[in-house]
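Q: Each number in the numbering used here corresponds to the 1-based position in the sequence shown with 564 added.
Even glycine gets a Cβ: it sits at the ideal position worked out from N, Cα and C.
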Amino acid sequence: MIENTKTISLAFGSTALELDIPERNVSSIILPSEPEKKEDPTYLIKKALENPIKSKKLSEIVNPDSKVAIIVSDVTRPTPTAKLLPSLLEELYLGGVKDENITIVFALGLHRNQTEEESRKLVGEEVYKKIRCIQHDTGRCRRIGITSRGTPIEVFENIMDVDVVIGTGSIEFHYYAGYSGGAKSILPGVSSKETVITNHKMMIDEKAVSGRVDGPVRQDMEEAAKIFGLDFILNVVLDSKKEIVAAVAGDFIEAHRKGVEVVDSMYKVSVEPADAVIVSCGGFPKDINLFQANKALDNATQAVKAGGSIILVAECAEGIGNQVYECWNRECRSPDDAIERFKKCFEFGGHKTAIIAKTSKRFKLYLVSKLSDEQTRNAFFTPMVSVEEALSAVLSENPDAKIHLMPHGGQTLPVRKEN
């Protein structure tokens, strides 16, 4: 008897791998639901500023003497800051604020400094010419308190002496802060190294996962932003083409949650956990290296039963992608070794090794990539030459296995159906 098969295309770098899978084994294809019709981005931004959530309008918060700081995303983030600023500045001008009293601060967190060209491109030529733009400096922070979880709140001194602080950014899933945006403008955006590292140590907590607002990392960030006094946010939601599909403004928690609802409606997909999942990151640049590709793995864990299998399809053309991560992979002999080491010594990069170590204890992990077998095994995956080989390994153990397919793993977040 000829078995019916389904052909699925899985992005792999800048190409795609075709997989034929028996239809009887397919549980579902997990896809995002993005809006087909889009409104003009400027209209969406203006509408958000005119209807702030749980806040006065910005033009009513400021006065002609106000000194204002606008915190903007750095070059590593997708936020289209140059599209946000004109409407935001217009609102400040309505309240009488003068250009010389406005400072734009690039929220580098612990990232590298930007070049002048990068900074100019981010805010737009016209804004760069007339508004003072500075970069966050972790070495110039002032301590203002401590959170209930013990994180020292040390914030960039240049925003300490202004009257109004505005956070901008985009809201998307974040693998340990739940979502980006909102309070992240302050922590990690403009915080000291000690503040960021103390906060990020909580990422190993069970609740520090993508798609949750009640995890310890985000709750700690929001407490820090509250103690600091973040006055207002303007956040946007982007689709897979990095185009603005929604904007929210106002209170840094309430407005953020409205944006979260939009993200959830587009990218959260309700599923029954299956025996296995085959997940592609969505191709380049999401699978440029293993450090980036692990985001898709993290999302896929929600779609699998405990003890099930995850097949990650990620080219990893640039290898592991982080020296500390690679070093920990080489040095940690077992998942338990990695987890214990992380508990004793937080090191950014090593956190990936610890997170994958935890995942490898719950699921069988297979990797189809261009990494060497040694690199793959060091990262707690079983290397596979092809998706077909990985599928055969799963079906040889359970010929009736039900399998979810996730062609856009970097963007979609499966959510387990409540029984």
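Can you give me the start and stop residues for the beta strand (DSSP E) that CYS697 sits inside?
A: Its beta strand (DSSP E) spans residues 696 to 699.
Q: Figure out for me which residue from SER592, PHE576, ALA575 has the closest Cα to the Cα of PRO978.
A: Ranking the options by Cα distance to PRO978, first place goes to SER592.
Q: Taking the runs of the alpha helix (DSSP H) that are 4 residues or longer, which of them lie wholly in the region 813 to 841?
A: Taking only runs of at least 4 residues, the alpha helix (DSSP H) segments lying wholly in the region 813 to 841 are 818 to 831.
Q: In chain order, what residues of the same chain lie with their CB nearer than 7 Å to the CB of ILE695, ignoring the 5 residues before and after it?
A: Same-chain partners within the cutoff: ASP663, ILE666, ILE668.
Q: Among LYS693, ILE698, TYR692, GLY688, which has the Cα closest to the Cα of ASN677?
A: Out of LYS693, ILE698, TYR692, GLY688, ILE698 has the C-alpha closest to the C-alpha of ASN677.
Q: Where does CYS705 land, buried or exposed, given buried means 16+ other C-beta within 10 angstroms?
A: Under this definition CYS705 is a buried residue.
Q: Using three-state DSSP, classify ARG782 as helix, strand or coil.
A: In this structure, ARG782 counts as helix in the three-state DSSP scheme.
Q: Return the residue from the list GLY703, THR702, GLU680, HIS700 that minimises the CA-CA distance to LYS693.
A: The shortest Cα separation from LYS693 among GLY703, THR702, GLU680, HIS700 belongs to GLU680.
Q: Over the uninterrupted beta strand (DSSP E) stretch that includes SER637, give me the two end residues.
A: Looking at the DSSP string, the run of the beta strand (DSSP E) that includes SER637 is 632 to 637.
Q: Taking all protein chains shown into account, do 16 or more other C-beta atoms lie within 10 angstroms of the C-beta of ALA873, making it buried, or fewer, making it exposed?
A: Note that residue 873 corresponds to Ser in the displayed sequence, not to Ala. So SER873 ends up on the buried side.
Q: For THR702, which of GLU718, ARG713, ILE708, THR711 has the nearest alpha-carbon?
A: Here the closest residue by C-alpha is GLU718.
Q: Three or more beta-carbon pairs under 8 Å between the region 801 to 814 and the region 728 to 748, yes or no?
A: Flag = yes, the region 801 to 814 and the region 728 to 748 touch.
Q: Could you tell me whether the region 628 to 635 touches the region 589 to 605, where touching means 3 or more Cβ pairs closer than 8 Å?
A: With the cut-off at 8 Å, the region 628 to 635 and the region 589 to 605 do not touch.
Q: Tell me the residue span of the beta strand (DSSP E) that contains ALA575.
A: Start and end: 569 to 576.
Q: Between which two residues does the alpha helix (DSSP H) containing THR923 stretch?
A: Looking at the DSSP string, the run of the alpha helix (DSSP H) that includes THR923 is 914 to 926.
Q: Assuming LEU674 contacts VAL760 (C-beta within less than 8 Å), just tell me the rounded distance between them.
A: Sure, about 6 Å apart at Cβ, within 8 Å.
Q: Is ASN520 helix, strand or coil by DSSP?
A: Because residue 520 is not part of the residues shown, which for the chain are 565 to 983, the question remains open.
Q: Taking 8 Å as the cut-off, decide whether the C-beta atoms of PRO971 and SER573 are in contact.
A: The answer is yes: Cβ separation under 8 Å.
Q: How many angstroms separate the CA atom of GLY973 from the CA atom of ILE723?
A: Distance between the alpha carbons of GLY973 and ILE723: 38 Å.
Q: Starting from the N-terminal side, write out each stretch of the beta strand (DSSP E) that is 3 residues or longer and does not extend beyond the region 855 to 899.
A: As far as the region 855 to 899 is concerned, its whole beta strand (DSSP E) runs of at least 3 residues are 868 to 877.
Q: Quick one: is the Cβ of ALA860 within less than 7 Å of any heavy atom of the ligand ATP?
A: Absence of the ligand ATP from the depicted structure is noted, as is the absence of any ligand whatsoever, leaving it without description.
Q: Secondary structure at GLY846, three-state DSSP: helix, strand or coil?
A: If DSSP states are grouped into helix, strand and coil, GLY846 belongs with coil.
Q: So who's on the other strand from LEU990, going by DSSP bridges?
A: The structure shown does not extend to residue 990, since the chain is modelled only from 565 through 983, so no value can be given for it.
Q: Confirm, please, whether the CB-CB distance from LEU583 to THR976 is below 8 Å.
A: Not closer than 8 Å, so no.
Q: Note down, in chain order, each residue of its chain lying with its Cβ closer than 6 Å to the Cβ of LYS928, except the 5 sequence neighbours on either side.
A: Only SER873 meet the Cβ criterion.
Q: Going by beta-carbon coordinates alone, are GLN887 and GLY913 separated by less than 8 Å?
A: Result yes, Cβ atoms of GLN887 and GLY913 sit closer than 8 Å.
Q: Is PHE576 closer than 8 Å to SER844 when the C-beta atoms are compared?
A: Yes; because the gap between Cβ atoms is below 8 Å, this pair is in contact.
Q: According to DSSP, is GLY746 helix, strand or coil?
A: Residue state, collapsed to three classes: helix.
Q: For the beta strand (DSSP E) that contains PRO978, what are its first and last residues?
A: Segment 977 to 980, the beta strand (DSSP E) holding PRO978.
Q: Quick one: what's got a C-beta closer than 7 Å to THR715's C-beta in the same chain, skipping five residues either side?
A: Correct list, in chain order: THR759, THR762, ASN763, ASP784, ALA788.
Q: Tell me the residue span of the alpha helix (DSSP H) that contains SER956.
A: First-last of the alpha helix (DSSP H) with SER956: 951 to 961.
Q: Can you give me the C-alpha to C-alpha distance between LEU608 and GLU879, rounded to a whole angstrom?
A: Each residue's alpha carbon lies about 37 Å from the other.
Q: When the Cα atoms are used, what is the spatial distance from LEU969 to ASP851?
A: Taking the straight line from one Cα to the other gives about 17 Å.
Q: Looking at the structure shown, is VAL728 part of a helix, part of a strand, or coil, going by DSSP?
A: Three-state result, VAL728: strand.
Q: Please tell me whether LYS618 and GLU818 are closer than 8 Å, where the distance is taken between their beta carbons.
A: A contact, by the Cβ cut-off of 8 Å.
Q: For a quick check, are the C-beta atoms of ALA810 and GLY823 less than 8 Å apart?
A: Cβ atoms of ALA810 and GLY823: closer than 8 Å.
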